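Below is one structure; the comments refer to it alone.
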Amino acid sequence: MSKIGYHHGDLRRTIVAAAVEAIGDSGLDGWSLRELARRAGVSHAAPAHHFGDKSGVLTAIAVEGFTLLADALEAAEPDLLDMGLAYVSFAVTYPAHFGVMFQPGLYRDDDEAVQKAEARAGDVLRAGARAVTVPPSGPEHTTLAAWSIVHGFANLWLSGALRMPADTDPVQAARPVLRRLLEH
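Under this note's numbering, think of the first position of the sequence shown as 4, with each following residue one higher.
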């Protein structure tokens, strides 16, 4: 038996990357831990050793996804329009992560790292919503409206339901939709 990857640099990261690739190729259900091992060039037992099961791998993807989303939102200009565009850009750049993150039945949503990363992303989005909240709507309603619009747009884009020309930039297509939210 080959020991490829036995002294692998960052095996957990390599397996997560293989899972993201597998999800992109085969969907959320079309892969196995054995396939991840093959893709990562490690023993078939390595993914189970590091993650336990598919849920463990998907938990790691959710943590990474919420972290990347929070980073993207923080890098945006501190207004709701730019944050919404950053959200859409995140979704189309990381569709596998996006597909996992908002399906908590797939991963261990009680995992402390997931909860911390998800809370961070939510806090950044809420901060942007507070900047545009107008009475009588409270920041929680603005946050929910903003999230619903950007998440819905991102899902529609990723599923192909918007039927736009192939060369359409998703972030630019989202801009007038998100501006609509900001009209008072």
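Don't be surprised by glycine CBs; every beta carbon is placed ideally from N, CA and C. Please read these numbers as outputs of a predicted model, since none were measured by experiment.
Start and end residues, alpha helix (DSSP H) containing residue i
{"i": "residue 47", "result": "Premise fails: residue 47 is in no alpha helix (DSSP H) and is neither H nor E."}
{"i": "residue 88", "result": "83–96"}
{"i": "residue 175", "result": "173–185"}
{"i": "residue 61", "result": "57–78"}
{"i": "residue 118", "result": "115–133"}
Residue from the options with nearest C-alpha to residue i
{"i": "residue 64", "options": "151, 84 and 106", "result": "106"}
{"i": "residue 40", "options": "32, 31, 60 and 30", "result": "60"}
{"i": "residue 133", "options": "177, 84 and 117", "result": "84"}
{"i": "residue 188", "options": "57, 30, 152 and 153", "result": "Absent from the model: residue 188. The displayed extent of the chain is 4 to 187, so no value can be given."}
{"i": "residue 46", "options": "76, 24, 33 and 15", "result": "15"}
{"i": "residue 13", "options": "32, 30 and 44", "result": "44"}
Classification of residue i by the beta-carbon crowding that lies within 10 angstroms, buried from 16 upward
{"i": "residue 27", "result": "exposed"}
{"i": "residue 143", "result": "exposed"}
{"i": "residue 146", "result": "buried"}
{"i": "residue 96", "result": "exposed"}
{"i": "residue 7", "result": "Low per-residue confidence applies at residue 7: pLDDT is 44, beneath 50, and the placement is therefore not dependable, though the value from the model is reported in the following sentence. Exposed, because fewer than 16 other Cβ atoms sit within 10 Å of the Cβ of residue 7."}
{"i": "residue 122", "result": "exposed"}
{"i": "residue 102", "result": "buried"}
{"i": "residue 104", "result": "buried"}
Proximity test, residue i beta-carbon vs the ligand ADP heavy atom, cut-off 7 Å
{"i": "residue 120", "result": "Questions concerning the ligand ADP fall outside what the structure shown contains, since it holds no ligand whatsoever."}
Cβ pair count under 8 Å reaching 3, the region 78–93 against the region 146–160: yes
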